[in-house]
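Chains as they are written, first to last, in our numbering: chain C, 1 to 303; chain D, 304 to 606; chain V, 607 to 909; chain B, 910 to 1212.
Note that the Cβ used here is the ideal one computed from N, Cα and C, for glycine as well.
Fair warning: this is a prediction, and the values are worked out from it, not measured in the lab.
The block underneath contains the structure these notes are about, expressed in structure tokens.
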């Protein structure tokens, strides 16, 4: 039997707004509802950002905590918090303002605990072809932040996703492994190939070569694929065909179904992804199976 | 609207036998029936080999003519004849015996006329992971044969497929274009990326890089993808996602459905391919639409 | 006759210090002397950073002006100013401090005028394997800065180098061309493939694929190659073999001769590069020939 | 210290003739003289074809034996015999005639013994851009021939070079290893990337990707690079920069020095290769060092 596919739903993102009929969940209640719908459609992980009253991104631990609690009330889908939050702009100057490293490290104080973490593995000029963004914005992810996050996550026995937006970031992680920042054989770290955010271009060649590099350097790690806009389903499908373990869909990245129509709610993308995956004999993973993929037992939740 | 996808069914091959419950059509009547089933399932082209009484390959023009006539009786699916026929072995020595260039050029005498032609663009060690083959056999396709075929097909206003089993063959065709063997801007020649016959390995990287090379050298030509065995659907799907115009399915190459189960009849593969293609918004082309893809009008049939 | 090769000497960099016997020029007088030595050894362009009294980087227009004046006193080598200056660290917090966009745009006020400009085409985590750097530092190059620089340089009839540290930056420039920020057919912009600064890994495959992408998107632009540390000569040589127009050597990037020994002065690297290039039949370009490569006449200097 | 480079001189080839002032050695005496000159210039291996009285290729064991004896009289350079001999054409029909598998296996009867063997790892359309060839000719290398040669060479404790003209042939060897035809960890087999004979195109990208594939599948094997015509030095140099162990020069493949001029005698190419290699700190290997690279002791010669 072919290996199961973990479908991860990134339901909102930090700054993405309703668009073309697609409804982006903003409040904890809306997020929990979207997570539950995705769960019923076959997702085993939900990836969440938090929003302030003004619908713009926030790193407020209380809001994240409420999101986790509300999702848990509805179902046992695994919960992954973002580390990036999203960018705001100074209301006067228009200059982008990103959260500080300290605000971002506060994600480890969310209570009840999330199951999974994520962090962008490097800095680049963030660009989103849809969702309400204009132009590119430098998105900085410092060495300090990365190393502190790795340490904190591994200490807790949770799992951490590295969002890889350029292949060179995998080589940097390779340097970290050589420096002893983490043990290369750990199964609590994984690589997420993120295509189309202004960095790695969403082409089949780029993805294929990137995955080869990652598998050579980190043969023990699981692999996730995601892409922005209309490239979400093509790139995810190539990932599925190349044997990736996890794919991400959801309004954070894209609102388009594989045939180009717009989805109205996140779960429609989950269903579409499940349909494609099943065609190739890969059933969506259950939550229990996903726990095994991420190497987390039930204890992670009990602390 | 996204462009339509021509689904081509290669229903028998030269030497492939029934296997694991899959029924390979052998006689003209069986081939016509299979072609008709594929047509109803969404194929707009059928690719045929002929067999002698002993079920082994033949280049007999009469058998090919009967095949064409019987298919035409049932439906107007486009008909493509092989040029390779398939290999026999000397009954005493076991040494492989391929048809001569002259036998192969006799395909231009089939009556009623076929619509489309094909030719392997070079020589290599043929290997088939399924179908009753054992080991590899050198498959020779001479410069003489290629050039004569190109001339004959273009003169008739028909279309010719180059079966590309190694990227270097595209570079050879590029030399031909520079020598004036054909006009690079013609729309009656196309490239078929054939993965897994012992030559180009059926990996996503290989296909992506090959298609880039082909599109750079022959930007006006259409693109087809095929692959052997379990790689048929993954490679075809990558082709669809990269915008190829034609994909080939059928028992000549493979008997496995995308999820790994065995098909019993060729049309099941056609249906499965149509399902995948539709997911991504690409409807199977009708026969009339396929004629336009291959740049052949109705006149080709009237001669 | 094979095309000439422009050898560009980046003699100091923003923060690189003397190391292993290699002498990094710091003062305008030292820089002019190094430029002159490189000129005599076959370089037709010198790339300069300025330093303050404390030997750390500065964007002071007066220092840059003095550098240009002193080099001009000695020879007519083309002069390219950096746009990046280099990073300082806050003396209390150790946090990296980069110059502002406005300080960086002041390079257009240098008098006497420099001949050539350069700008990093995007943001990434800067890393240098040698030269006195520790760890990685996010290096931000905003869209605003890029677009203003492009406009200013093209208005002056000078030429601008895009330092490409990731292939995705070429795709961003492609977007700019589509938006009308510049005319794709201009010959006053060129691509510099920069390998090993924590971004594109210095491997033959990476360089070969990057150059293919660049040539497809910007067929009219010239091509430069550079790399850090021991990769400088291997990558530059691959560039020469692939037909690049310009290579960069010098202590900003590397102090090692092709055979691994340490150079004491910048001109030794220029000589070594010329030796290799001549082996393959490519003579170093003169200043007049380099002017033609960059599409700048003598008038650029007269304003 | 960087690893030494084995320079292998392929002095004549099967059918190549004098051209543009380059003298191709034909008789055993001429071949021995050329081998000796190459040896003095830094080659540690000579690759030889034999010719009949009419200067055309022969597989005559006596001629090969005389070649080996005469070379041994002059120096202890390692001797590698071809397995391909070269093609003749039927004087009446012009149809190419290749030697039979049995003639080719007779190379194991040469006495005194050669040190090293070689065999083309598959079939393809042979094309040579220089040397007196016209057009392409299918060159068949059967599975039977390959397997018999592998067995015979390993049994003798000698070493065998696989001439890889397409990457797919490495994958075929991988199948052989899985079938148990040889032990993947043996150090008596090596891969020779042959670019430009009508198969793998001589581009940097092609070579870089091919070498990666080979090193992944056969990490214990040594690596050789060669290419035809003007591509010989560029491709060999890329090979040197990627860490290959062996490069081949000589009039079998090319008569052009790196700068484009024509060499008159084979040793000039050896010298030019040594010059380039030394630039990058890699000294030419001595015969004793080459024996270690090929994993052959002195005993190979004693039988």
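Of all residues in the region 70-104 of chain C, none places a beta-carbon less than 7 Å from a beta-carbon of chain V.
Below the 7 Å Cβ cutoff, chain D contributes no neighbours of residue 1147 of chain B, its closest Cβ being approximately 18 Å away.
For residue 1021 of chain B, the secondary structure class from DSSP, reduced to helix, strand or coil, is coil.
By the Cβ test, the region 501-514 of chain D is not in contact with the region 158-177 of chain C, since fewer than three Cβ pairs between them sit closer than 8 Å. For residue 816 of chain V, there are no C-beta contacts with chain B under 9 Å, since the nearest C-beta of that chain is about 10 Å from it.
Burial state of residue 1177 of chain B is buried, judged by a 10 Å Cβ sphere holding 16 or more other Cβ atoms.
Judged by beta-carbon spacing, residue 976 of chain B lies within the 8 Å limit of residue 957 of chain B, meaning their Cβ atoms are closer than that value. A contact is defined here as three or more CB-CB pairs under 8 Å, and the region 578-598 of chain D fails this definition with respect to the region 878-886 of chain V. Separation of the CB atoms of residue 359 of chain D and residue 383 of chain D is rounded to 21 Å, and the pair is thereby denied contact status at 8 Å. DSSP, read as helix, strand or coil, puts residue 1115 of chain B in helix.
At least one CB atom of chain V sits nearer than 8 Å to the CB of residue 1190 of chain B. Identification of residues in the region 419-445 of chain D having a C-beta nearer than 7 Å to some C-beta of chain B yields 425, 426, 427, 428, 438, 439, 441, 443 and 445, given in sequence order. With respect to chain B, the C-beta atom of residue 483 of chain D has no partner C-beta closer than 8 Å.
If you draw a straight line from the Cα of residue 222 of chain C to the Cα of residue 733 of chain V, it is about 27 Å long. In chain order, 745, 771, 772, 804 and 805 place their CB closer than 7 Å to the CB of residue 730 of chain V, counting only its own chain and leaving out the 5 sequence neighbours on each side.
Comparing alpha-carbon positions, the option among B/955, B/991 and B/1141 lying closest to residue 980 of chain B turns out to be B/955. Under the 8 Å criterion on CB atoms, residue 848 of chain V is classed as interfacial with respect to chain B.
Under the 8 Å criterion on CB atoms, residue 777 of chain V is classed as interfacial with respect to chain C. Rounded to the nearest whole angstrom, the C-alpha separation of residue 521 of chain D and residue 464 of chain D is 13 Å. Minimum Cα-Cα distance from residue 409 of chain D among the listed residues D/368, D/396 and D/545 corresponds to D/368.
Per DSSP, residue 829 of chain V is one residue of the beta strand (DSSP E) stretching across 828-833.
Chain C has no Cβ within less than 8 Å of the Cβ of residue 620 of chain V. Counting C-beta atoms within 10 angstroms of its own C-beta, residue 866 of chain V has fewer than 16 neighbours from the protein chains shown and is therefore classed as exposed.
Contact of residue 563 of chain D with chain C by beta-carbon distance below 8 Å involves 2 and 281. Residues of the region 791-821 of chain V with a Cβ closer than 7 Å to any Cβ of chain C, in chain order: 804, 805, 806 and 807. Look at the region 525-538 of chain D: the residues with a C-beta under 9 Å from a C-beta of chain C are 536, 537 and 538. Burial state of residue 282 of chain C is buried, judged by a 10 Å Cβ sphere holding 16 or more other Cβ atoms. Boundaries around residue 1085 of chain B are those of the alpha helix (DSSP H), 1076-1088, since no beta strand (DSSP E) includes it.
Pairing residue 1030 of chain B with residue 1063 of chain B gives a Cβ-Cβ distance that is not under 8 Å. The Cβ of residue 276 of chain C sits closer than 8 Å to at least one Cβ of chain D. In its chain, beyond the 5 residues on either side, 621, 622, 623 and 625 have a beta carbon closer than 8 Å to the beta carbon of residue 738 of chain V.
Under the Cβ criterion (8 Å, minimum of three pairs), the region 608-619 of chain V counts as touching the region 847-858 of chain V. Following the DSSP letters along the chain, one finds residue 875 of chain V inside the alpha helix (DSSP H) bounded by residues 872-885. The beta-carbon of residue 769 of chain V is placed no less than 8 Å from the nearest beta-carbon of chain C.
Look at residue 166 of chain C: its C-beta is under 8 Å from a C-beta on chain V.
Judged by DSSP secondary structure, residue 551 of chain D falls outside any alpha helix (DSSP H) and instead within the beta strand (DSSP E) spanning 549-552.
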